[in-house]
Structure formats: structure tokens, C-alpha cells
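Chemist: Quick note: to get the working numbering, add 258 to the position in the sequence shown (first position is 1). C-beta atoms are modelled at their ideal positions from N, C-alpha and C, and glycine is treated no differently. All figures in this text were calculated on a predicted structure; none of them were measured in a lab. Can you keep this structure in mind? I'll have questions shortly.
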Amino acid sequence: MTADDALCAWSGTLSPAASSAWAKHDRDTDGWLPLWRHMADSAAVAGKLWDEWLPAKVRGLIAEALPGGAADARRLAVWLAATHDIGKATPAFACQVEGLADRMRAAGLEMPLQKQMADRQLAPHGLAGQLLLQQWLMDRYVWAKRATLPFVIVAGGHHGVPPGNSDIQQLAVHPALLRTPGSEAQWGRVQEELLDAAAAACGVREGLESWQRVKLPQPVQVLLTALVIVADWIASNPELFPYFPQETRSGAVRVEGAWRGLDLPAPWSASEPTEDAPDLFAARFQLPPGARIRPVQEAAVRMAREMTAPGLMVIEAPMGEGKTEAALAVAEIFAARSGAGGCFVALPTMATGNAMFPRLLSWLNRLPDARTGGRADERNGAGTGAGAHSVFLAHSKAGLNEDYAELMREGSRHRPVADVDRDGGGDQRAHRADVQSASAELVAHHWLRGRKKGMLSSFVVGTIDQLLFAGLKSRHLALRHLAVAGKVVVIDEAHAYDTYMNAYLDRVLSWLGAYRVPVLVLSATLPAGRRRELAESYAGAAAGAAEFADVGAADGYPLLTAVAPGAAPRIAQPGASGRRTAVQVERLDDDVELLADRLSDELSGGGCALVVRNTVDRVLETARCLRERFGTDRITVAHARFLDLDRAENDAALVAGFGPPDRANVRRPEGAHIVIASQVAEQSLDIDFDLLVTDLCPVDLLLQRMGRLHRHPRGAGQADRPAKLRAARCLVTGAEWKAEPPEPVTGSERVYGSHALLRSLAVLEPALTAHPPPGAAARPGPAPHTGARNVVRLPEDISVLVQQAYGTGPVGPEPWQQAMGRAHEEHLRERAVKVDKAGAFLLNAPRPPGRPLVGWIEAGVGDADDTRAGRAQVRDSTESLEVFVVQRLTDGTLTTVPWLTRGRGGRELPTDVVPEQWLARTVVASGLRLPHHFSYPAVLDRAIEELETECVPAWQARESYWLAGELLLILDEECRTRLAGFDLRYTRSDGLEVHRVD
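Here you go:
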């Protein structure tokens, strides 16, 4: 008989008193579940999860900690699942349902009425179970008290928060909550009987003799806790595990039926590719005809194969060099060698996540799996079968992504099983609490849904927040750790994160290193100091550790850095791909009329120009002026102040008009055309322009913007571009150039700070000054190109400029130094504030083996998820407010906004019932985040108060999971409204305009 079979046979071995203890109760049907049955169900599910769902990498990490290896690890996991709810065999828990409590009293287990136990909140059943299990280990197996904690903390933390020392001490002085006075012996016998039965059924009696000498590492404690949580949630689902007396099946049949009904896809089982790098890329990616692998891609594959073990790899290469494809190719190698069962790609924004998602799906459809004999499987997504993979798009608007929606529709064809998240707070949303529940359509697999379980899918694309949450003290943090511990993690655009976010990222990397999670970090413009910090964090080394000095000193580009566990860092400098652009840079005064004159001249022979502004207000001001000069049809506006649906269409239109010339659907505009954009044009969009005008910004971002200039060849020597625009040119504006040093415009200083802007100006100054004064000393800056001082060479100058701008050495002319010094001092003060602020809820680094998780997330934030409040914990940004935009006609009818495509525009919205799902999704897809004008507390509160008056009561019903608790911004027929002292106007061409009421 297997251990799982033995667990199913418990009922015949227990006394009437032990059999009377209950674990679950349904008030509607009066159905109930005996505690022994839930213990057996949980253990059986844990065994199934271990055998069929948990990635080999996670199993191996747990096995390393135990003397009996994998066999011991499985037995321990199953036993911890079996015993996690032993705290329900206490009067503090059992008194809650009077009818079931009476059954227990009749069996000899006396207890007060619930109303007589005013202090029962001191004994939550997880904590009670921890203390009972601890005492049992000490009594039965003579464990030292200290040795028990790393094991019993799993029971204590299975509801998401490991107890703290004060919790333990308070319960310890209230023994009546665990055993009723006068009936202590009876309660003690039942508790021991259940624990003895669990030990026998799980086959851990011998293990418990030897495990007391094991110093269980904290990462293993976390993973075991998470596994027990998952097992408990599944075993608590009454659709899978019905309550008594309705349940008539035997234990084994019950468990097998539940597991089949759940139908969890197995993890990816990677086969190490044997092809050489060019063949590997040709097999995995849809490369253009005649495309050749880039040197950095080939070098990354070679370095991955040469590493002693999978670890951290940092890939630094220019924009458009195929870093993402390199990372995915390396991820396959790392997964095969480490036993990782999936991949998580983390990106800066929802927009970049949406752009990445179809690329991941394309890769998955070509990705072999050892379970299919090394073949790629076309059923990836939601289907069943050996080759199916669970996929998740991890951000708050995932349900609106078309590729992901198709996977959800595929998943819905399978028998749905109700979501079980006993600690999720229901299916309600409220903007003030900003709690978002799991909706019925949020993941491809029907059970892996919602904010706490979606990340457990094998393949995930999401915002960086989802990774940073693993460093935030929050409820059910163990689940987030399990979600990443079994994957290869890819962190894209690593330069895009500020001091506050980097504090979380570094802490998360320290845990990923402890889990030996393979990590790939990608960037085109990574400062050397930041590269060293990432490597040190992953290796668990102290800041400034001598063995990482070479990592911080490396100045090659492209550059690969590898850190394998227990090995010295390795650095490689691949050859250049041959893609080069010499960008002529010059200053342009910050005058929109002057800009219009210059563009008229530059585009006189046609061509496409990109104008990038640092604020949306500057985008709109520029657009108004240029439309007067060029006409409406030659101007396109792109920024973040559009409805979600409009922004998605804007992005698609940009790629269709300015994308790679070899794409069949790209139709470049005829004649002159100007795109005026905010920072949305910096990343994620593969767009190509003939001329660039940009506001001054930090040099790494300026280089990203330059990556949109002459991005693709158009004819030999760019001969297909207009004659005036065959040389790449970048005009830098947004500053008062006559000042000493030049003064960035106010909006840019508000966004980026003076220090970063002045350092960037200083390193660019030699290139921006085409003709240095006679006899002027040479200053730091890009190396000359064919004698020209006004040229930035891509990629040669990328690393040079970034390292100088973000280094600590002096840069810039002598007259600038006083102003730069003041800006630097202010920067250091702000940085210290950010670091201190981030530390408030920052998870501690892993402690030495044997240190229990007691108080692991004490003083945390509660639940953390991808909502406004959740993201605010890991991003140091001003508070913002999201609204759903609809229109009110003169007769009072509410409709969707009229310009929406595909039959969604101008549709009447019922106000007496919940809208149909497709209509509700259209409203949600018309979401808009209000701009900075509404981020000030007084204005924000006033805006919320005014918006709440437009609440539609019928939409607040529980079944209205898309719209309940959300705020509506209702426009009139002219698409105008007034809010908190501001006039708002929305147009399809310009998005949201905001003007203060006089």
C-alpha cells in the first residue's frame, strides 16, 4: 500500500473522538468534512503535486537539504500537508459550528460555546497547529525545541503569514485555547492520535528520527510552505473534494477523480538543444529570409554551455541586436540543465508586456518538450495532453490582450472548476482599498487564475512589479517565491528602474540566487556600477566584494557577464554585428515655431520624423503648432494619456506605418509625416524614422530614442530615404542652451531630476558643440568619428557615454561644476530617502540554514497584487487614479465612446442591470489613468468624491467583477467634462487634455 493509499484508509483506524473532529463546513447545505479526511486529501494532493506538477528544480532544492534525498523530500512534503490543519483539533476552532461542536462534545471533547471564548482570535488554527506539532515532535521524537521551528513553521504559515514571536508567546500563555481545562487529556489524545496516524500513513517515522539534525534552509522552508498552501487550496475545493454526507466514494477514487478534474498542466521538461547556435535560432524563431545570427547571440549560447552551472547572465548589447531571442535561447539551455519548469519574462510596463506576449507564444510553439519526445507541441496554452503548457499574462489588463483572450477562450472549453482562494477577500473590487479579485477569465488554465496563483503557470510574461513583489513583505509571499523558484527569469530593460525599484530588485536577486534560479538580465544601456550590484546581489556577496571588481570595471560593448553558483564571474566581449549608425547631433533652441521651421526644411523632400517630448503637455503643445504648419493628416500623436483600446491601436498603427521594411503589412506614409510622442516611443515598438528631435533626457534614454533613428536599412546606403535624411541626425532641444550650464525645461527636471540631466549634458557636450573653441582642452565624450565632433556612433559610443554619465568621475566644463555639485548633493539626498522608504516593507535577505521563518513578513503590507495600491509598494511614483471613460448623451443614456472599432463604439450601457460581459469588457478596455494633475492628495480626494457621485448602483453587484467598485469618467456629447477644478477634453487624435479652470 502506498502512503497516499494509507492516508485514504485513516477512517478505520481512528477513535470516535478523533473521527469527530471537523475541518470544513458548508452553512448552506450543512455538509461537513472530517479533519482526518481533509488531512488525507491534502497529503494526497501534495503527493500528486510533487510527482506531476512541481518542477524538478524545486524538488531537487528541497531534496538537497535532507539526508534521504528525493525520497525524504517527498515524504516530508506530504507529511507537512497532512499535518498543516492539526490546529483545527482545538476548542478555539471547533466551537465555531455548534452542531459539529456538539458531536465532538458527545465524543468526550468538551469545549465552551464560541461566545464564551472571547480570546480565541489568539489561536488561529495555523498557529495552533504549529504549537501542537512542535510539542508532538518534542514528546514523541525528543526533538529540541529550536530544531522543530523550521519544520513546524509550515503549519503556522499556511494561511500566508508565518507567525511572529509575539504571536507564539501570546498563545503559549493561553493553553485553554488548545485544550479545554478539565478535558486536556481527551484533547491531547485526539491531537496525538491524528498526528501519529499522519506519521504512519506518510511513512515518516524513521525520517523524524534523523530530520531533527537537519538545518532546513530558509528557501526550502518557503517552498514547502507554498506547496502546502497550494495543496490545501486544491483539497479545500468542494467541487473537487465534496463534503460529507454527499461524498460516497473511497479515498483513492476521490483523489484520482479530483486530480483528473483539476487537470493541471505538467511543468515544461526542457531538453538541452544540441544544435549549433545558428541552427538553434533558425529552429526557435521566425527569422526573416537570409537573416544571420548576431555575434552576441552566438556568444550568449556559447557562454551558457560553458558555465559550470546555470546562474546569472547579463547581456548588454545595442538596441535591435536580438537580446530577447538570445535570452530565450539561453533560457532553454539553462532550463534543461537546472530542471526549471518554465520561464518568466519581466518587462517595465504593460505595453512592453503586451508586445512581448505574442513573441513568447511564437517561441513556445517551436519549443521542444522532453515529455513529447523532444518535439515542439502546437497545443501550448490551455489544452490538456503531454505537451500542453500553462501560460499567463501577468498584469492588471491582461484580459484585454487579444492573444491572451484567445488562450482564455481555449481554456474555457475545458470543464471549469471554481477558484479556491480562501484568503482572497471575495470577488469584489473597491477603488479605495484597491483590492482586485480573481475574475473568471484571467488565465489560460481554469485553476491557475487570479493574483495569487497566475504566476504559478509555467510560462509568464508580466510587468517587473510581479517580480519585485517577491521582495515585498506581503501575505502569501511564499507562493510568489514558488512561482519564480522553478523558472528561468528574464529581466528586460534593466536600465529602466530607479533607486527605489532597484532596492527591491536587488533583494529579489539575492533570493533567486539562494534558489539557484537561472536569471538573464538584458539592457542596451546598463551602467557598470549597476552591473556589479546585480551580480553581487545574485551571488549573495557584500557590496564592493573584491571578486566582483572586474565586473564593475569591464568596459567592452557588447558585453556578457556570467555568475555561476560557487564560481568566479566570467566576462566576454562578443564581436560587433556590423550594424552601425553614425548619428549627427546638434542643439536646437526650445521654440516650437523654430522647430516647425526646421522640420519644414528637413522634410521638404518627404520623410518621417519622430519628435519625443518628456511630458504629455509638451506633446500636445507641439502637436497644435505643427498641425497648423503641416496639416492634421501629417501629424500623429502618441502618449500614455489615451484609453487602453486607443493606445493599443495607436501602437499598432505606428508599427504598421513606421515598422521594418521587410514586413508585408508595413505601409510607410507618402510625403512628410511627423510623429510627436512621449516616452512611449522609447521601448517595445520596432519603429524606424528618418529624423529624430528629442527633449534632453538622461543619456541612456537618449540612446534608446536614437535606436528609433535609421533602425533598419532602407536601400543601399539608406538610398530609399529622402536625400536630405540619408544621414542619421538627432536634434536635441528642451533646454536653454545659452545658460551656463544649459538649463533643462521644468517638466524634464520634474521627471528626471537635475543631476541625471546635467551629467548627460556634460558627456554629450563635446558632440553637441560641433566646433570647440580654439585651444579648448579635450573633454570626456564620445570618440571622434571621421574627424567630426558632432557625431555619436552607435553602438561604439553607447557604453562610453553611459559609463561616464553614471560614473563618479568629474565630467563637463569647469564653469558647470558648481551647479553640478549642487545637483549631485540633492540627488544623494533623494536617493537616501528612496532607499529608506523602500526598506519599510523590504524582505530580509535569506538567513543562515536552520533559521526559521518566524516573523518573516512581520510589519508587511497585507496582500500585494497588480493594482494601483499594490504597484505603489514597489514603485516610487505619485499616486494616480484609473477611470473608465464612457459618454452620456443629452437624454441621459450612457454609452461607450463612439469611435471604438469592431462594433464596440456608441453601444448603450444598461444602468438597471449588470452589462453583458463583452460590453463590460469594452468599458474596462476604455480605461485611462488620470495624469499628474490629480496626484496631489487634496485634488485626488476631491476627484474621487466627485467621481463617486456617478456610481451606477446596479454595477456594484457581486457578479459584476469587471465593473464593481470602479470609477467612471463620464464625458458629454462633446467629449468634455469638469473634474476637481480641471476642464477635461478627450479626442481620438490627441487623447486627454487637461486645463485648470480659471
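Count the CB pairs spanning the stretch 293 to 304 and the stretch 573 to 585 that are closer than 8 Å, and state whether there are at least three.
Modeler: They do not touch, by the three-pair rule.
Chemist: Threshold first: 4 residues or longer. Then list the alpha helix (DSSP H) segments lying entirely within the stretch 450 to 494, N to C.
Modeler: Within the stretch 450 to 494, the complete alpha helix (DSSP H) runs of at least 4 residues are 463 to 469 and 476 to 493.
Chemist: Which of the three DSSP states is assigned to residue 629 in this structure?
Modeler: Three-state result, residue 629: helix.
Chemist: Whether or not the stretch 1008 to 1025 and the stretch 1073 to 1093 are in contact is what I'm after, with contact meaning three or more pairs of Cβ atoms, one per stretch, closer than 8 Å; do they touch?
Modeler: Touching, yes, given that three or more Cβ pairs across the two stretches are closer than 8 Å.
Chemist: Is the beta carbon of residue 234 sitting closer than 9 Å to the one on residue 277?
Modeler: Examination of residue 234 is not possible in this model, given that the chain is present from 259 through 1256 alone.
Chemist: What's the gap between the Cα of residue 370 and the Cα of residue 389?
Modeler: One C-alpha to the other measures close to 21 Å.
Chemist: Please report the residue range of the beta strand (DSSP E) in which residue 566 lies.
Modeler: First-last for residue 566: undefined, no H or E at that position.
Chemist: Between the Cα of residue 1262 and the Cα atoms of 529, 500, 1058 and 528, which residue gives the shortest distance?
Modeler: No statement about residue 1262 is possible, as the shown extent of the chain runs from 259 to 1256 and does not include it.
Chemist: Determine the DSSP secondary structure at residue 883, reduced to helix, strand or coil.
Modeler: DSSP places residue 883 in helix when its eight states are reduced to three.
Chemist: Considering only residues of the same chain and omitting the five flanking positions on each side of residue 594, which have a CB-CB separation below 8 Å?
Modeler: 528, 529, 530 and 531.
Chemist: Kindly indicate the opening and closing residues of the beta strand (DSSP E) around residue 650.
Modeler: Run containing residue 650: 649 to 652, per the beta strand (DSSP E) assignment.
Chemist: Which residue marks the beginning of the alpha helix (DSSP H) containing residue 315, and which one marks its end?
Modeler: 314 to 322 is the extent of the alpha helix (DSSP H) around residue 315.
Chemist: Residue 305 lies in the beta strand (DSSP E); which residues open and close that run?
Modeler: Looking at the DSSP string, residue 305 is not in any beta strand (DSSP E); the run it does join, the alpha helix (DSSP H), is 293 to 310.
Chemist: Among the candidates 1090, 387, 1017 and 1112, whose CA atom is the shortest distance from the CA of residue 1074?
Modeler: It is 1017.
Chemist: With a threshold of 8 Å on Cβ separation, who are the neighbours of residue 373 within its own chain once the five nearest residues in sequence on each side are excluded?
Modeler: Within the same chain, residue 373 has no close Cβ partners at all.
Chemist: Are the CB atoms of residue 881 and residue 895 nearer to each other than 9 Å?
Modeler: The answer is yes: Cβ separation under 9 Å.
Chemist: Among residues of its own chain, excluding the 5 on either side of residue 826, which ones have a beta-carbon nearer than 8 Å to its beta-carbon?
Modeler: Excluding sequence neighbours, residue 826 sits near 805.
Chemist: Quick one: grab the DSSP three-state call for residue 783.
Modeler: Residue 783: coil per DSSP, three-state reduction.
Chemist: By the DSSP assignment, the beta strand (DSSP E) with residue 828 in it spans what residues?
Modeler: Here the beta strand (DSSP E) through residue 828 covers 828 to 830.
Chemist: I need the straight-line Cα distance from residue 977 to residue 614, nearest angstrom please.
Modeler: Answer to the nearest angstrom: the Cα atoms are 32 Å apart.
Chemist: Could you give the residue range of the alpha helix (DSSP H) that holds residue 551?
Modeler: No alpha helix (DSSP H) contains residue 551, which DSSP labels as neither H nor E.
Chemist: To the nearest angstrom, how far is it from the Cα of residue 1204 to the Cα of residue 1019?
Modeler: Cα to Cα, residue 1204 sits roughly 44 Å from residue 1019.
Chemist: Whole angstroms is fine: what's the gap from residue 689's alpha carbon to residue 1216's?
Modeler: Bear in mind that a pLDDT of 35 at residue 689, under 50, signals an unreliable position, so the model cannot answer this.
Chemist: Does the contact criterion of 3 or more C-beta pairs under 8 Å hold for the stretch 340 to 357 versus the stretch 420 to 439?
Modeler: With the cut-off at 8 Å, the stretch 340 to 357 and the stretch 420 to 439 touch.
Chemist: Under a three-way DSSP split, which group does residue 1082 fall into?
Modeler: Residue 1082 falls in the helix class under three-state DSSP.
Chemist: How do the stretch 1142 to 1157 and the stretch 1226 to 1233 stand: do at least 3 beta-carbon pairs fall below 8 Å, yes or no?
Modeler: Short answer: they touch.
Chemist: What is the C-beta distance between residue 725 and residue 752, in whole angstroms, given that I count them as a contact (C-beta under 8 Å)?
Modeler: So it is not a contact: roughly 11 Å between Cβ atoms.
Chemist: To the nearest angstrom, how far is it from the Cα of residue 542 to the Cα of residue 918?
Modeler: Residue 542 and residue 918: Cα-Cα distance of roughly 21 Å.
Chemist: Hey, how far is the Cα of residue 550 from the Cα of residue 468?
Modeler: Each residue's alpha carbon lies about 57 Å from the other.
Chemist: Would you report the Cα separation of residue 1257 and residue 459, rounded to the nearest angstrom?
Modeler: No answer is possible for residue 1257: it lies beyond the span of the chain, which begins at 259 and ends at 1256.
Chemist: Per the DSSP calculation, residue 993 is bridged to which residue(s)?
Modeler: DSSP, once it has assigned bridges, lists 1002 as partnering residue 993.
Chemist: Between the beta-carbon of residue 1108 and the beta-carbon of residue 313, is there less than 9 Å?
Modeler: The answer is no: Cβ separation not under 9 Å.
Chemist: Between the stretch 337 to 347 and the stretch 479 to 494, do three or more beta carbon pairs fall short of 8 Å?
Modeler: Contact between the stretch 337 to 347 and the stretch 479 to 494 is present, because at least three Cβ pairs lie under 8 Å.
Chemist: Using only CA atoms, which one of 1255, 830, 376 and 713 lies nearest to residue 656?
Modeler: Measuring from the Cα of residue 656, the nearest candidate turns out to be 713.
Chemist: Where do the ends of the beta strand (DSSP E) carrying residue 1145 lie?
Modeler: Its beta strand (DSSP E) spans residues 1140 to 1146.
Chemist: Just tell me which of 1198, 1187, 1218 and 474 has its CA closest to the CA of residue 1170.
Modeler: If we check each option's Cα against that of residue 1170, 1218 comes out closest.
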